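Protein chains in written order, with this note's numbering: chain A, 112 to 445; chain B, 112 to 445.
Just so it is clear, CB atoms sit at the ideal spot from N, CA and C, and this is done for glycine as well.
All of these numbers come straight from a predicted model, not from anything done at the bench.
In what follows, a structure is listed as structure tokens, so that the remarks can point back to it.
There are 2 protein chains.
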Amino acid sequence: MANIRDVADSAGVSVATVSRTLQQPERVSPKTRNKVMAAVQAVGYKPNLMAVKFRSGKTHNLVVLVPTVANVFFARVISGMQEAAAELGYSILLANTLGNSEIESHYAKMVSTSQADGLIQLRAHNPFDATMINDNGLLPMVNACEVIDDGQYPVVSLDNRAAAKAMTEHLISLGHTRIAMIKGPNSSPLTQERLVGYKDALAQANIEFDESLLLPGDFTLQAGYNAGEAISRLENRPTAVFCENDETAIGAMQAFKQANLHVPNDISVAGFDDIAFSAFVDPPLTTIAQPAEEFGRTAVTLLVDLLNGKIRKAPKVIMPFELIVRESTGKALG
Amino acid sequence: MANIRDVADSAGVSVATVSRTLQQPERVSPKTRNKVMAAVQAVGYKPNLMAVKFRSGKTHNLVVLVPTVANVFFARVISGMQEAAAELGYSILLANTLGNSEIESHYAKMVSTSQADGLIQLRAHNPFDATMINDNGLLPMVNACEVIDDGQYPVVSLDNRAAAKAMTEHLISLGHTRIAMIKGPNSSPLTQERLVGYKDALAQANIEFDESLLLPGDFTLQAGYNAGEAISRLENRPTAVFCENDETAIGAMQAFKQANLHVPNDISVAGFDDIAFSAFVDPPLTTIAQPAEEFGRTAVTLLVDLLNGKIRKAPKVIMPFELIVRESTGKALG
DNA sequence: TCCTAAAATGAAAACGGTTACATATTTATT
DNA sequence: AATAAATATGTAACCGTTTTCATTTTAGGA
């Protein structure tokens with residue numbers, strides 16, 4: 112591979128002049144500029160950006176830690192990130208961690224080993240262990256969606272409590288009083304917040320919280336299906352189910368159909384996230400829409416600001432949500 | 112950030128010794144080793160991997176170009192890639208190109224600018240333009256799923272023609288003779304191959320190919336819905352629809368339901384890919400399963416072999432498929 | 001104890017750029 | 001035409017590591 116010295120030799124100038132021609136063309140005379148450009152073509156020069164990044168100490172790489180890109184909501188967030196990063200001149204190193212802590216720390220380590228400038232994660236644990244921490248103890252990181260509440264890192268999040276409350280109120284307004292909830296994984300703070308919002312709404316309507324209507328889940332279709340089956344068999348069956356994400360809701364609906372329960376006549380089903388599939392299932396799913404792409408864009412912007420020292424204290428950006436009422440929720444009958 | 116020189120000073124040895132201690136501990140005396148390790152801890156040394164990669168000329172980064180991670184099938188392929196890469200000591204730089212050619216070439220350029228050792232793409236165009244090509248004209252690349260047929264690059268693919276033929280034969284065996292097809296984007300060779308397989312099966316059964324039963328699509332839910340609507344309105348309606356991917360099939364099924372067509376009694380629907388959702392829609396979707404994760408793993412392995420010079424001629428790996436019959440396809444009635 | 005071979009360590013070059021500083025050239029001013 | 005100022009270019013240090021080669025130290029055998 113031709114390097115900058117080959118170009119310099121071919122053009123009969125110094126390497127400094129070649130570098131200047133490429134970086135700040137206005138600082139070099141038109142005559143020289145032409146010579147150099149011709150030489151660049153002639154020798155087929157491509158700058159070794161690894162050398163540039165090493166020399167400058169800025170990689171312009173951002174690591175993104177995502178539990179799984181198979182989660183359709185995350186996929187939208189990532190799209191937003193990639194767009195914003197491209198605009199700001201950064202590359203996204205997307206780490207699909209699959210819950211594998213080796214992959215996680217492999218990528219997290221990229222920040223402490225100068226391979227990336229900062230990190231964004233869509234999960235709620237500190238990815239940096241003692242071996243990665245540097246002098247001042249803080250590596251540049253932004254948390255999106257899920258929240259680490261230690262207030263040390265910028266956060267872009269949703270008011271999950273308010274959103275869950277809004278959805279529960281919607282169900283209550285349709286006359287439902289026995290409302291089950293299928294939860295997300297307990298490890299996720301977001302799951303807890305949504306649970307609190309659900310309880311808020313119940314309390315406000317003077318409906319007693321019933322522990323037996325709380326079902327475990329992990330945000331997958333299969334978990335939704337399993338919970339749906341369990342609900343179908345309940346003796347005093349609830350008339351509505353609030354699922355903490357859309358995959359769960361779609362899985363549950365399938366279980367209800369196989370148990371010959373009609374949605375929403377026998378049981379209303381609500382989701383969370385508004386993934387693309389939700390408008391195309393039968394019946395179309397009532398859910399909470401989040402500005403997923405905007406989440407991603409904001410996270411990247413925050414991180415870049417952080418890297419540029421434009422941020423004093425870790426900000427907390429709360430994104431808006433929207434209740435999308437479709438046909439999977441209806442009036443409580445009987 | 113402490114560098115190797117700080118460690119050397121702290122341990123009272125040379126930088127060469129520090130480097131050796133870290134890279135080939137056996138080449139250094141136990142006494143020195145302990146001193147150095149202690150110094151590493153004391154100064155909080157983390158090697159600057161940008162410098163290492165620059166120096167070695169090997170980045171151990173692989174760029175993966177994917178049109179959109181929102182495609183659930185791709186998400187599975189990516190998971191497989193990440194696993195294999197982790198095992199082989201490589202990092203995946205995942206580029207969600209969103210069809211944006213700027214993002215595409217931004218990431219493709221990483222290979223020609225020494226930021227990545229090679230590239231895998233899940234699309235069928237040459238991402239390298241004239242400005243990226245190096246001396247011998249070939250940059251290390253592997254094509255997965257979609258095929259560039261110039262035989263220059265290794266390929267890991269499916270016999271899409273055979274798979275589409277198998278699915279069409281399944282429909283024919285159920286008594287269907289009017290079988291519509293909802294295509295993928297025309298830009299995709301894979302789409303053409305599946306079309307040919309479909310025609311193969313028709314010809315073999317002496318069913319004349321009907322151009323009017325061929326509907327455009329782009330692998331999205333919405334395109335499937337649109338095509339499904341169009342099919343519902345056809346005067347001489349087909350009794351079966353073969354969709355070139357599952358998203359399309361799910362979108363089409365939704366359109367049929369809204370047109371009061373029962374699946375499969377009024378119309379059978381078949382997909383392709385076997386994404387997770389397909390087992391959880393109503394009715395569960397008949398489809399072609401591909402070993403998605405294995406695709407990813409194989410692509411990474413091929414690329415790494417290519418980088419290590421273990422490959423003479425561009426190999427073509429064909430992965431197996433499986434026909435998954437669920438409830439969305441049934442006997443042709445009437 | 002002395003000599004040789006093996007093992008351990010150090011000095012310095014190299015990777016490919018950028019950039020501060022020095023020097024050479026051009027342009028402007030009188 | 002002489003001089004100052006502005007512009008253009010070159011020289012060399014530098015970023016943090018690895019690695020070759022030279023040198024020193026240690027171990028082993030006589």
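Reduced DSSP category for residue i - H, G, I as helix; E, B as strand; rest coil
i                 : result
Val118 of chain B : helix
Val152 of chain B : It should be noted that the sequence gives Gln, not Val, for residue 152 of chain B. Reduced to three states, the DSSP call for Gln152 of chain B is helix.
Phe353 of chain B : strand
Asp384 of chain A : strand
Met430 of chain B : strand
Gln303 of chain A : helix
Met112 of chain A : coil
Leu345 of chain A : coil
Ser190 of chain B : helix
Thr170 of chain A : coil
Asn145 of chain B : helix
Leu332 of chain B : helix
Ser268 of chain A : strand
Val258 of chain B : coil
Val163 of chain B : helix
Ala249 of chain A : Residue identity differs from the one stated: residue 249 of chain A is Leu in this sequence, not Ala. Looking at Leu249 of chain A - three-state DSSP - the assignment turns out to be coil, as it is neither helix nor strand.
Cβ-based neighbour list, residue i, same chain, cut-off 8 Å, excluding 5 preceding and 5 following
i                 : result
Ala387 of chain A : Val183
Arg144 of chain A : Thr132, Pro136
Residues near residue i in its chain [Cβ-Cβ closer than 6 Å; skip 5 each side]
i                 : result
Val126 of chain B : Ile115, Arg116, Ala119
Leu324 of chain A : Ala291, Pro349
Ala113 of chain A : Val154, Gly155, Tyr156
Val411 of chain A : Met192, Ala195, Ala196
Chain-order list of residues whose beta-carbon lies under 7 Å from that of residue i (same chain, five-residue window excluded)
i                 : result
Ile203 of chain A : Leu173, Val175, Met192, Gln193, Ala196
Ala366 of chain A : Tyr336, Gly339, Glu340, Ser343
Ile259 of chain B : Ala235, Asn237
Asp416 of chain A : Ile422
Gly200 of chain B : His171
Ser299 of chain B : Ala235, Glu257
Val151 of chain A : Val118
Gln374 of chain B : Correcting the residue identity first, residue 374 of chain B is Val in this sequence and not Gln. Closer than 7 Å at the Cβ level, and outside the excluded window around Val374 of chain B, lie Met364, Phe367, Val380, Pro394, Ser439.
Glu280 of chain A : Ala312
Asn419 of chain B : none
Beta-carbon proximity check, residue i vs residue j, cutoff 9 Å
i                 : j                 : result
Met430 of chain B : Leu396 of chain B : no
Leu313 of chain B : Glu322 of chain B : no
Ala390 of chain A : Ala360 of chain A : no
Ala255 of chain A : Val267 of chain A : yes
Pro141 of chain A : Pro265 of chain A : no
Leu233 of chain A : Pro251 of chain A : no
Gln401 of chain B : Ala274 of chain B : yes
Ala443 of chain B : Thr224 of chain B : no
Met161 of chain A : Phe383 of chain B : no
Phe353 of chain B : Ile435 of chain B : no
Val147 of chain B : Val163 of chain B : no
Ala186 of chain A : Val180 of chain B : yes
Asp385 of chain A : Asp357 of chain A : yes
Limits of the beta strand (DSSP E) - the one that residue i falls within
i                 : result
Lys220 of chain A : First-last for Lys220 of chain A: 212-223, but that is the alpha helix (DSSP H), not the beta strand (DSSP E).
Val253 of chain B : 252-255
Ala181 of chain B : No beta strand (DSSP E) holds Ala181 of chain B; DSSP gives it neither H nor E.
Gly229 of chain B : 229-232
Thr440 of chain B : Taken as a continuous stretch (DSSP letters only), Thr440 of chain B belongs to no beta strand (DSSP E), as it is neither H nor E.
Thr398 of chain A : 398-400
Delimiting residues of the alpha helix (DSSP H) encompassing residue i
i                 : result
Ala291 of chain B : Segment 290-293 is the beta strand (DSSP E) holding Ala291 of chain B; no alpha helix (DSSP H) there.
Ser284 of chain A : 271-284
Ala127 of chain B : 126-134
Leu204 of chain B : Counting along the chain, Leu204 of chain B falls outside any alpha helix (DSSP H), though it belongs to the beta strand (DSSP E) covering 202-207.
Asp416 of chain A : 403-418
Q | Members of the region 366-391 of chain A near chain B, C-beta cut-off 8 Å | A | The region 366-391 of chain A vs chain B, Cβ under 8 Å: Lys368, Ala387, Phe388, Ala390, Phe391.
Q: Identify each residue in the region 216-228 of chain B for which the Cβ-Cβ distance to at least one residue of chain A is less than 9 Å, and report them in chain order.
A: Going along the region 216-228 of chain B in chain order, one finds His217, Tyr218, Lys220, Met221, Ser223, Thr224, Ser225, Gln226 with a Cβ nearer than 9 Å to chain A.
Q. Listed in chain order, which residues of the region 139-159 of chain B have Cβ atoms closer than 9 Å to some Cβ of chain A?
A. Going along the region 139-159 of chain B in chain order, one finds Gly155, Lys157, Pro158, Asn159 with a Cβ nearer than 9 Å to chain A.
Q: Report the residues of the region 387-420 of chain B with a CB closer than 7 Å to any CB of chain A, ordered along the chain.
A: Closer than 7 Å at the C-beta level to chain A, one finds these residues of the region 387-420 of chain B: Ala387, Phe388, Phe391, Val392, Asp393.
Q | Contact set between the region 191-204 of chain B and chain A, restricted to residues whose Cβ is under 8 Å from the partner | A | For the region 191-204 of chain B, which is checked against every Cβ of chain A, the residues closer than 8 Å are Gln193, Glu194, Ala197, Ser202, Ile203, Leu204.
Q. Quick one, which residues of the region 318-346 of chain B are near chain A if we go by CB-CB under 9 Å, in chain order?
A. Flagged, chain order: Thr331, Leu332, Gln333, Gly335, Tyr336.
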